[in-house]
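Chemist: Before I ask anything, here is the structure I am working with.
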Amino acid sequence: MKHKRNKIIIMIALSILTISTINISASTDIVTFDTINNGTNYTLSNGDLTADIFGNGSRNVIANVGKQTGKWYWEIKADSGSPFIGIGTGDNDIYTNSFLYGHYAYFHAKNNMGERYGSTFGDGNVIGVALDLDLGKIEFFIDGVSQGVLEPEIDTSLTYYPKVYNGSTTSSTIITANFGATAFEHQIPNGYIPYNNATVVQPNIPTNLTATQSSNSIVLNWDTITDADSYTILRSTTSGVIDTVIASSITGTTYTDTNVTPGVTYYYVVRAVKSGVESADSNIASAMVEENTNFANLQIKLSTTDIYEYRMTMTDVDAFKNWYVDRSNGTGLPFYSFPDDANIEPYTDVNEYLIFDKIVWFKVKEY
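In case it helps, mature numbering (1 follows the signal peptide of the UniProt record, and there is no 0) puts the sequence shown at residues -25 to -1, 1 to 342.
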């Protein structure tokens, strides 16, 4: 059998939308697994959303509603067994016109034997499927973490159905689908809508996002969106692509980013979230924590009665203070290092390490 390699692109897609309502012309039927047009050796339960697939034969189930266009998302929970999860055009063939992500970290496109893709998954993992039938792409997620975008030559002239296949002939595979009639366990990728929905209303876009320097942090504020359940914060050090999520499930309209480096400009956007659906990005806001070029003497008294003194910039003093606060809260390293440049000869590098538990007090004398 010919082994055809597929193009795998590991990426995060950033879509900037200018509307807050998506209308898709499609069936409004409740999506479940099909009770008639399926393979052999399976039973359905839980409103035809849970499938127990077993034995020999075609060993697969498909949904009762297919799609030809649009960007769709659904989730399959791997309850047990050896599931292959993806899409297909028919019910009986394992691979013909099927695109399946196997539990053992292989992707099978049509009739090929598969190639390495993503990570392995098993009992209890939730596999998200993001299907772009407009561009012929598919992306899988394990518990909300993308495994990469695939471009496996999907024939966009055909109708595709969510599909699950049992990769074992000797044991049962049990899975449970959520096509979007209830809230998803993980965030829908930006620009996609639940497979079950023909019309999805996105939350309004957050407005008037501001970013302000405050001591050694950056404080974000934005206007309240009345229909939002929560907000997601994204950050970057460049203004072109802001794609790194630094906080999610934020219920207020302010957020303080303490993980910043003085002298670096950070760019932010905020997305509103409603019933698992994200809005488009807010306006971009940026700020920078300025480096403090003043100097200070930092005195540290240890429980051994020794007092150590270091001359350093206030930026370095602030870094020490942040470490001390973090360590007081149970995070961070148990020690802090100070370069000992005065006694470096004949060595290339000398550092003193002070243990947190030995520090009695410290004093800062800025000048």
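Ideal Cβ placement from N, Cα and C applies to all residues, glycine included.
For Val248, which beta-bridge partners are listed by DSSP?
Modeler: Ser205 and Glu253, per the DSSP bridge assignment.
Chemist: Return the Cβ separation of Thr95 and His78 in integer angstroms, given the expectation that the two are a contact with Cβ distance under 8 Å.
Modeler: Rounded, the Cβ-Cβ distance is 6 Å, consistent with contact.
Chemist: Count the other C-beta atoms from every protein chain shown that fall within 10 angstroms of the C-beta of Ile330, then say buried if there are 16 or more, exposed otherwise.
Modeler: It is exposed - the Cβ of Ile330 has fewer than 16 other Cβ atoms within 10 Å.
Chemist: One question on the structure: do Ala260 and Ala203 come within less than 8 Å of each other, judged by their Cβ atoms?
Modeler: Contact flag unset, no.
Chemist: Going by DSSP in three states, Ala158 sits in which element: helix, strand or coil?
Modeler: Note: Ala158 maps to coil in three-state DSSP.
Chemist: Please name the residue, chosen from Ser205, Gln188 and Ile193, that lies closest to Ile180 on a Cα-to-Cα basis.
Modeler: It is Ser205.
Chemist: Over the uninterrupted beta strand (DSSP E) stretch that includes Trp298, give me the two end residues.
Modeler: Not the beta strand (DSSP E): Trp298 falls in the alpha helix (DSSP H), residues Met289 to Ser303.
Chemist: Could you give the first and the last residue of the continuous beta strand (DSSP E) run that contains Met263?
Modeler: Run containing Met263: Ala260 to Met263, per the beta strand (DSSP E) assignment.
Chemist: Per DSSP, which one or two residues make a beta bridge with Arg286?
Modeler: BP columns for Arg286 point to Asn272.
Chemist: So within the region 88 to 113, which uninterrupted beta strand (DSSP E) runs reach at least 3 residues, ignoring any that extend past its ends?
Modeler: Whole beta strand (DSSP E) segments, 3+ residues: 101 to 107.
Chemist: Using a 10 Å radius around the Cβ and a threshold of 16 neighbouring Cβ atoms, would you call Asn(-3) buried or exposed?
Modeler: Confidence is the limiting factor: at Asn(-3) the pLDDT is only 36, short of 50, which leaves the residue's position unreliable and the question unanswerable from this model.
Chemist: Considering Cα atoms alone, identify which of Gly56, Val139 and Gly119 is closest to Tyr64.
Modeler: The amino acid occupying residue 64 in the given sequence is Thr; Tyr does not appear at that position. It is Val139.
Chemist: Are the CB atoms of Ile150 and Ile113 nearer to each other than 8 Å?
Modeler: Result no, Cβ atoms of Ile150 and Ile113 do not sit closer than 8 Å.
Chemist: Sort Thr25, Phe310 and Asp256 by Cα distance to Val220 and report the nearest one.
Modeler: It is Asp256.
Chemist: From what residue to what residue does the beta strand (DSSP E) around Asn141 run?
Modeler: Element bounds for Asn141: Tyr136 to Asn141.
Chemist: So the beta strand (DSSP E) Asp118 belongs to, where does it begin and stop?
Modeler: Here Asp118 belongs to no beta strand (DSSP E), and DSSP marks it neither H nor E.
Chemist: Expressed to the nearest angstrom, what Euclidean distance is found between the alpha-carbon atoms of Asp293 and Ser211?
Modeler: Using only the alpha carbons, I get a separation of about 23 Å.
Chemist: Under a Cβ-count criterion, where at least 16 other Cβ atoms within 10 Å of its own Cβ denotes burial, should Trp336 be classed as buried or exposed?
Modeler: Under this definition Trp336 is an exposed residue.
Chemist: Quick one: what does DSSP say Ile(-4) is sitting in, helix, strand or coil?
Modeler: In this prediction, Ile(-4) has a pLDDT of 37, which is less than 50 and means its spatial position is unreliable; nothing more can be read from the coordinates.
Chemist: With a Cβ-Cβ cutoff of 8 Å, do Gly103 and Tyr48 count as a contact?
Modeler: Yes; because the gap between Cβ atoms is below 8 Å, this pair is in contact.
Chemist: Along the chain, where does the beta strand (DSSP E) that runs through Phe82 open and close?
Modeler: Note, Phe82: beta strand (DSSP E), Tyr81 to Ala84.
Chemist: Look up Phe59 in the DSSP assignment and say whether it is helix, strand or coil.
Modeler: Correct three-state label for Phe59: strand.
Chemist: Near Pro237, which residues of its chain fall below 6 Å by C-beta distance, leaving aside the five closest residues on each side in sequence?
Modeler: Cβ within range, chain order: Val264, Glu266 and Thr290.
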